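Sequence positions in the sequence shown follow my numbering and run 3 to 461.
Worksheet: one structure, shown below.
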Amino acid sequence: MSRGALLIALLFISSALLAGVGPTVASPQPDPVCGACGSSFEDVAEEHGLEANVTHSTAAIQVHPNGSATWVVTNRVNESAATRLTQDPALLNRVARSAATDGWGVPHVYEEGDVTFQSASIDNQTVRIQFQDPDAGTRHAGVLVVDYLHSEGVRGGWIFNADRFSIAGPSGSVVVNDPRATIEDEYTSSDVLPEVSNGEVTWEGASTNEYGSAFYDDVYIAYGEPGTGSVRVDAALSIATAPIWLDNVKIFVLPALVVYGLMLGGVTAGVRWGAYSSSSARSIAKTIAGVGLVGVLAATASAIVNEPSSFAGLAVIFLVIGGAAVVSPRSFRSLRVALAVAVVSVLAVGVTLLGLGLVSRPLGDVAPTVLRGMVFHLPLSVAPVFGLAVARAETNDNPRLTVLAFVGALVSLALAGMVFVPFDSRPWGLALIFTVGGAILAGLLGLPLAILGGASVGE
């Protein structure tokens, strides 16, 4: 094997192994859903010198058309606490106000709220607290999206520290999404799935248990007119979640683009070296195709005996691009034809991932992974186009073509990064290692493909 072939093989194998390493993220702890209910109320009362024992608790939330909400919380307390609160209305108001505005729970878990305390009363050992929150939900595409049980991507989970927790929408509206559908965590039991009745969603919890019933997923509740279409609902939920994804792109993808731009400088040097090396485009193509074939066979074997391999798409890219250059050496002498080969290679990745995925999963679960996989491999598919453009720019003394090549390559990585970062959750800062590492891998894996495209100019 020649030095060039050995280098290509080593780059592919090492990069594929690194690509299989995924981030591990520890889960944040769940939070109570009601800061004025159950154990949360007990904690606030203790801070005011009152020993209270809550034996039953409810929270009824009425969401208004403008997105504000009125909370009515009830806590049945022990007799001694009830006697003291009845005799000292000022203490009752202090405890109730503090529980409503400072208690640890919705709506104060992730940001400082602007809750307005309205009233507190006690009757037959039951404390009744009413307060208002001006920011319970937001309208998107004509749908009112309530995000009380959405952690803004943190995914810590929710503890139902009330025996009954209900959220009702504006008069005449109905729940137009399925809040139960997103509760899929393996640690979640069926008793925390809500009951949905027209315009109200209700959870049964346990105020007497500090940890109560809990689930670890983010839930939106969408209210709209009866008959609201699913497309409009999906659009509203996507718009509500979009800021999380945009933050992920800014934090994790933009730094990777800077690193990839630097990597492209090295790839450009490699392309220029390849143009003057003794290796022909045909020999480079044979090596790339051979490495890709071995990778495809290995990925197929892995899918049959175990599960789909993480480097299946990489292998397909190498096989298709290398094979095209072997069968038709003129493939990469034209930018248009090189782009067509890039499209074919991405489609081949999709077909391969679909076939391997269907071995163990139904189509509905595989399809999103296939689409992400196709976009994720864009930087490699266009690497030969980048190499050809850089080589042509130097031959024809056309700096504009080099600029276009860099822009196109950066756009391809940006798209890959956008499908890599989560859309509705926030990864830890550790994820930056993987986006930047992915940019480095894309540069390493794209190097032999870019050299192939550049070497074709001189053939």
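Ideal Cβ placement from N, Cα and C applies to all residues, glycine included.
All figures in this text were calculated on a predicted structure; none of them were measured in a lab.
Presumed contact (8 Å Cβ cut-off) between residue i and residue j, rounded CB distance
i: Gly-389; j: Gly-455; result: 3 Å
i: Cys-36; j: Gly-144; result: Not really, about 29 Å apart at Cβ, beyond 8 Å.
i: Gly-441; j: Met-265; result: The sequence shown places Ala at residue 441, rather than the Gly named in the question. The pair is a contact, with the Cβ atoms about 6 Å apart (cut-off 8 Å).
i: Val-147; j: Ala-238; result: 6 Å
i: Leu-93; j: His-50; result: 7 Å
i: Trp-247; j: Val-423; result: 7 Å
Identity of the residue in the options nearest residue i by Cα
i: Ser-100; options: Cys-39, Thr-57, Arg-141; result: Cys-39
i: Gly-155; options: Val-221, Thr-57, Trp-106; result: Val-221
i: Ser-383; options: Leu-447, Thr-397, Leu-259; result: Leu-447
i: Ala-452; options: Gly-410, Pro-386, Val-409, Val-413; result: Pro-386
i: Pro-70; options: Leu-356, Val-329, Thr-140; result: Note that residue 70 is Ser in the sequence shown here, rather than Pro. Ranking Leu-356, Val-329, Thr-140 by Cα distance to Ser-70 puts Thr-140 first.
i: His-152; options: Arg-335, Asp-219, Ser-304; result: Asp-219
i: Thr-88; options: Ser-414, Thr-128, Asp-180; result: Thr-128
i: Val-322; options: Val-405, Ser-336, Val-353; result: Val-353
i: Val-298; options: Val-351, Phe-43, Ala-237, Val-56; result: Val-351
i: Leu-449; options: Ala-287, Glu-206, Leu-256; result: Ala-287
i: Arg-166; options: Ala-301, Gly-292, Leu-256, His-58; result: His-58
i: Gly-410; options: Tyr-262, Ser-427, Thr-243; result: Tyr-262
i: Pro-91; options: Ala-301, Ala-122, Asn-126; result: Ala-122
i: Phe-217; options: Trp-73, Phe-162, Ile-253; result: Phe-162
i: Ala-83; options: Glu-53, Ala-291, Leu-259, Ser-427; result: Glu-53
i: Gly-171; options: Asp-180, Arg-182, Asn-200; result: Asn-200
i: Asn-179; options: Asp-236, Leu-443, Pro-32, Ala-138; result: Asp-236
i: Ala-369; options: Asn-250, Leu-356, Phe-422; result: Leu-356
i: Thr-270; options: Ala-47, Ala-457, His-50; result: Ala-457
i: Asn-55; options: Asn-80, Leu-373, Thr-289; result: Asn-80
i: Asp-125; options: Leu-341, Pro-429, Thr-76; result: Thr-76
i: Asp-33; options: Gly-105, Val-74, Glu-48; result: Gly-105
i: Thr-72; options: Arg-78, Phe-119, Val-194; result: Phe-119
i: Pro-136; options: Val-117, Ala-242, Arg-130; result: Val-117
i: Asn-245; options: His-142, Leu-417, Leu-412, Phe-425; result: Strictly speaking, residue 245 in this sequence is Pro, with Asn absent from that position. Comparing Cα positions, the closest option is Phe-425.
i: Leu-497; options: Ala-391, Ala-418, Arg-335; result: The question about residue 497 has no answer, for the chain in this structure spans 3 to 461.
i: Leu-337; options: Asp-249, Arg-394, Phe-378; result: Arg-394
i: Ala-416; options: Gln-31, Phe-254, Ala-242, Thr-243; result: Phe-254
i: Gln-134; options: Ala-283, Asn-250, Thr-103, Thr-85; result: Thr-103
Three-state secondary structure (DSSP) of residue i
i: Arg-182; result: coil
i: Pro-424; result: coil
i: Ala-143; result: coil
i: Ser-175; result: coil
i: Ser-336; result: coil
i: Gly-207; result: coil
i: Thr-1; result: Any question about residue 1 goes unanswered here, given that the chain covers just 3 to 461.
i: Trp-430; result: coil
i: Pro-34; result: strand
i: Glu-44; result: helix
i: Gly-69; result: coil
i: Val-387; result: helix
i: Gly-410; result: helix
i: Thr-230; result: coil
i: Ala-54; result: coil
i: Val-343; result: helix
i: Val-372; result: helix
i: Val-353; result: helix
i: Val-108; result: coil
i: Val-377; result: helix
i: Val-221; result: coil
i: Pro-25; result: Unreliable placement is indicated for Pro-25, whose pLDDT of 41 sits below 50; the coordinate value is still reported in the next sentence. Three-state DSSP puts Pro-25 in coil, outside helix and strand.
i: Ser-4; result: For Ser-4, the predicted structure reports a pLDDT of 47, less than 50, and the residue's modelled location is therefore unreliable. A value from the coordinates is still provided. It is coil, neither helix nor strand.
Buried or exposed by the 16-neighbour rule on C-beta atoms within 10 Å, applied to residue i
i: Pro-228; result: exposed
i: Trp-160; result: buried
i: Ile-306; result: exposed
i: Glu-44; result: buried
i: Pro-381; result: buried
i: Glu-202; result: buried
i: Ser-347; result: buried
i: Gly-174; result: exposed
i: Met-376; result: buried
i: Ala-98; result: buried
i: Ile-185; result: buried
i: Leu-443; result: buried
i: Thr-397; result: exposed
i: Leu-403; result: buried
i: Arg-332; result: exposed
i: Pro-401; result: exposed
i: Val-343; result: buried
i: Val-273; result: buried
beta-carbon residue i near the ligand FMN non-hydrogen atom, thresh 8 Å
i: Leu-454; result: As presented, the structure is devoid of all ligands, the ligand FMN included, so that no description of it is given.
### alpha helix (DSSP H) runs wholly inside the region 73 to 98, at least 4 long, in chain order
81 to 89
### Unbroken stretches of the alpha helix (DSSP H), 4 residues or longer, contained in the region 251 to 337
256 to 278, 283 to 307, 314 to 329
### Message
Quick check for students: name the residue ranges of the alpha helix (DSSP H) that lie wholly in the region 118 to 167, counting only runs of 4 or more.
### Response
none
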